[in-house]
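Numbering of the sequence shown is given in this note's numbering, commencing with residue 32 and proceeding in unit increments. Virtual Cβ for every residue (Gly too), placed ideally from N, Cα, C.
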Amino acid sequence: MPNSILHHISCSAAITTAPTANLSLVRLGIALYGLWPSDENKQVVHKMNSEFKLQPALTWKTQIIEVQHLPKNTPVGYDRTFVTKKSTTIVALPIGYWDGLDRGLSNKGRVIIKGVICPIIGRICMNITMVDASAVRNVKVGDEVILIGKKGRGEVTADKIARLTQTINYEVVTRINPLLPRHLV
Numbered sequence: 032m033p034n035s036i037l038h039h040i041s042c043s044a045a046i047t048t049a050p051t052a053n054l055s056l057v058r059l060g061i062a063l064y065g066l067w068p069s070d071e072n073k074q075v076v077h078k079m080n081s082e083f084k085l086q087p088a089l090t091w092k093t094q095i096i097e098v099q100h101l102p103k104n105t106p107v108g109y110d111r112t113f114v115t116k117k118s119t120t121i122v123a124l125p126i127g128y129w130d131g132l133d134r135g136l137s138n139k140g141r142v143i144i145k146g147v148i149c150p151i152i153g154r155i156c157m158n159i160t161m162v163d164a165s166a167v168r169n170v171k172v173g174d175e176v177i178l179i180g181k182k183g184r185g186e187v188t189a190d191k192i193a194r195l196t197q198t199i200n201y202e203v204v205t206r207i208n209p210l211l212p213r214h215l216v
């Protein structure tokens, strides 16, 4: 092949397992987010080099837009799929499936508020998600909420979300609506 032509055949998995096959370019995909293409790829790489690491480089955040204190036996959300079992502090987030938050996380996903892992309750709506924030002290409108990322002892990863929604981490990160603002740090 002429030297003036650029060639690539390596995706994230090939970059980590076959570095001599990289030719003149590589096509870094999911590894750009600091995520493994698969558990199998991670195992192969760690057999080759046990110290090789990928560090997640994506944090997806929003803020609380409403706080409500609900009594026991109060249904929350569409189709009443969640009913409070005790007096509960719920918060509303201005994010939903339009933004890329998978509806499969309804009543089983988690977010982080002030370092505390909190459950998503009820059905995720098109642009609103409800969360049980009873475990968070002094929760208020404007508090930061981590949808993907780490804060304090709490961590929600694209891999955990993928397992809960029976998909792959690629779909979790590529479903984040491209119209949402991004801040590169």
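Beta bridge counterpart(s) of residue i as assigned by DSSP
i, result
"residue 163", "121"
"residue 97", "123"
"residue 107", "113"
"residue 187", "180"
Residue i - DSSP class collapsed to helix/strand/coil
i, result
"residue 77", "helix"
"residue 175", "strand"
"residue 146", "coil"
"residue 91", "strand"
"residue 135", "helix"
"residue 141", "strand"
"residue 182", "strand"
"residue 151", "strand"
"residue 194", "helix"
"residue 208", "coil"
"residue 82", "coil"
"residue 169", "coil"
"residue 203", "helix"
"residue 129", "helix"
"residue 158", "coil"
For residue j and residue i, the rounded distance between their alpha carbons
i, j, result
"residue 186", "residue 208", "22 Å"
"residue 175", "residue 160", "14 Å"
"residue 115", "residue 148", "18 Å"
"residue 150", "residue 214", "26 Å"
"residue 172", "residue 98", "6 Å"
"residue 128", "residue 157", "5 Å"
"residue 92", "residue 206", "15 Å"
"residue 216", "residue 88", "10 Å"
"residue 110", "residue 138", "12 Å"
"residue 78", "residue 105", "52 Å"
"residue 140", "residue 200", "15 Å"
"residue 100", "residue 162", "12 Å"
"residue 191", "residue 51", "32 Å"
"residue 62", "residue 85", "7 Å"
"residue 54", "residue 202", "28 Å"
"residue 164", "residue 170", "7 Å"
"residue 212", "residue 107", "29 Å"
"residue 94", "residue 167", "14 Å"
"residue 75", "residue 119", "46 Å"
"residue 80", "residue 41", "19 Å"
"residue 122", "residue 184", "21 Å"
Distance between beta carbons of residue j and residue i, contact taken as under 8 Å
i, j, result
"residue 96", "residue 124", "7 Å"
"residue 43", "residue 60", "5 Å"
"residue 195", "residue 132", "So it is not a contact: roughly 12 Å between Cβ atoms."
*Run through the region 33–65 for me and flag every whole alpha helix (DSSP H) of 4 or more residues, listed as ranges in chain order.*
For the region 33–65, whole alpha helix (DSSP H) runs of length 4 or above, ordered along the chain, are 43–48.
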